[in-house]
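A.B. asks: Have a look at the structure that comes next, please.
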Amino acid sequence: ELRTPVAGAIAQAQRLMAETKDVKAAERASDIEATLKRLTRTSEKLLQFARAEGGKALLDVSADIAPVLKVIVKDFEHAGSQPINLSVPNAPVLSVIEPDLFGILVRNLIENALRHGKSGTPITVSLDQDRRLVVSNEGTPLPVEKIDRLMQRFEKGDANGNGTGLGLAIVKTIVERSGAGFSIISP
């Protein structure tokens with residue numbers, strides 16, 4: 008219900024930019040497009056948060072989560088992100104976490120690592136047989152008190168960045184609901 012009208016408004020702003028000869032009108036249309044894209048990102052994160060807080064977090068039977076991780080990493084690679092070094096075991100990694108929630112968790116961790124890592128350096132994503140997921144980057148070291156704050160809703164690591172401040176809060180919610188552990192280590 009939220010995505011379609013916003014996508015339509017973005018398309019209209021883009022059409023206005025393409026059709027107008029007025030430089031100021033084109034700039035305003037570009038500003039409108041940028042604002043609507045921020046709204047899209049924020050609404051997407053809020054939808055993820057709602058999914059993380061509601062519904063079933065655990066399955067009744069175990070399922071292999073490695074394919075979910077592989078698909079998400081491929082999505083980032085196809086989108087042209089910086090390199091991601093992926094390490095997964097050859098054997099299935101069985102877990103009772105709901106696969107969609109695991110996907111949301113992984114996507115948020117990778118987005119965060121890409122956004123806050125050193126440009127041009129690969130991030131590393133690994134999953135082991137004990138279901139331990141590690142996402143690491145070469146980011147700027149963070150003080151402990153800032154790490155704790157980053158897991159709160161709307162808390163941004165870079166106040167001027169284009170993130171929503173929800174990614175790590177979403178991850179924390181999913182981890183807590185699934186009975187797992189979560190930590191950020193810096194450096």
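Using the working numbering, the first residue of the sequence shown is number 8, and each one after it goes up by one. For glycine and all other residues, C-beta sits at the position ideal for the given N, C-alpha and C.
#1: Could you check what DSSP says for L108 in three-state terms: helix, strand or coil?
#2: Could you please give the first and the last residue of the uninterrupted alpha helix (DSSP H) stretch that includes A176?
#3: Going by DSSP, what residues sit across from L101 in a beta bridge?
#4: Between T180 and A59, which are expected to be in contact by the criterion C-beta below 8 Å, what is the C-beta distance as a whole number of angstroms?
#5: Contact defined as beta carbons within less than 8 Å: I believe Q136 pairs with A187. What is the distance between those atoms, to the nearest angstrom?
#6: In chain order, what residues of the same chain lie with their CB nearer than 6 Å to the CB of S143, ignoring the 5 residues before and after it?
#7: Taking contact to mean 3 or more Cβ pairs, one atom from each stretch, closer than 8 Å, check whether the segment 61-74 and the segment 97-113 are in contact.
#8: Do you know offhand how far A32's Cα is from N92's?
#9: Of the choices I154, L43, M158 and S193, whose alpha-carbon is the least far from that of F56?
#10: In chain order, what residues of the same chain lie with their CB nearer than 6 Å to the CB of S133, ignoring the 5 residues before and after it?
#11: The alpha helix (DSSP H) spanning L53 covers which residue range?
#12: Return the CA-CA distance between A16 and K52, expressed in angstroms with no decimal places.
#13: Does the count of Cβ pairs from the segment 79-88 and the segment 39-53 closer than 8 Å reach three?
#14: For the beta strand (DSSP E) that contains I91, what are its first and last residues?
#15: Based on the DSSP output, what are the partners of S143 in its beta bridges?
#16: Within its chain, find whatever has a CB closer than 6 Å to the CB of G146; leave out the 5 residues flanking it on each side and keep chain order.
#17: To which residues of the same chain is P129 closer than 7 Å at the C-beta, ignoring the five residues directly before and after it?
#18: Helix, strand or coil: which one does DSSP assign to L23?
C.D. replies: For this structure:
#1: Looking at L108 - three-state DSSP - the assignment turns out to be helix.
#2: DSSP places A176 in the uninterrupted alpha helix (DSSP H) bounded by G174 to S185.
#3: Residue pairing of L101 in beta bridges, as defined by DSSP: D71.
#4: Rounded, the Cβ-Cβ distance is 4 Å, consistent with contact.
#5: Not a contact, Cβ separation roughly 15 Å.
#6: Correct list, in chain order: T131.
#7: Touching, yes, given that three or more Cβ pairs across the two stretches are closer than 8 Å.
#8: Taking the straight line joining both Cα atoms gives about 44 Å.
#9: The shortest CA-to-CA distance from F56 to any of I154, L43, M158 and S193 is the one to M158.
#10: Spatial neighbours of S133 in its own chain (CB-CB distance under 6 Å, excluding positions within 5 residues in sequence) are listed in chain order as S94 and V141.
#11: In the DSSP annotation of this structure, the continuous segment of the alpha helix (DSSP H) that includes L53 starts and ends at V30 to E60.
#12: A16 and K52: Cα-Cα distance of roughly 19 Å.
#13: Contact fails: fewer than three Cβ-Cβ distances are below 8 Å.
#14: Annotation for I91: the continuous beta strand (DSSP E) segment containing it runs I91 to S94.
#15: Under DSSP, S143 shares a beta bridge with T131.
#16: The answer, listed in chain order, is H123 and G124.
#17: For P129, where only same-chain residues beyond five positions count, the Cβ hits under 7 Å are Q89, P90, I91 and N92.
#18: Three-state result, L23: helix.
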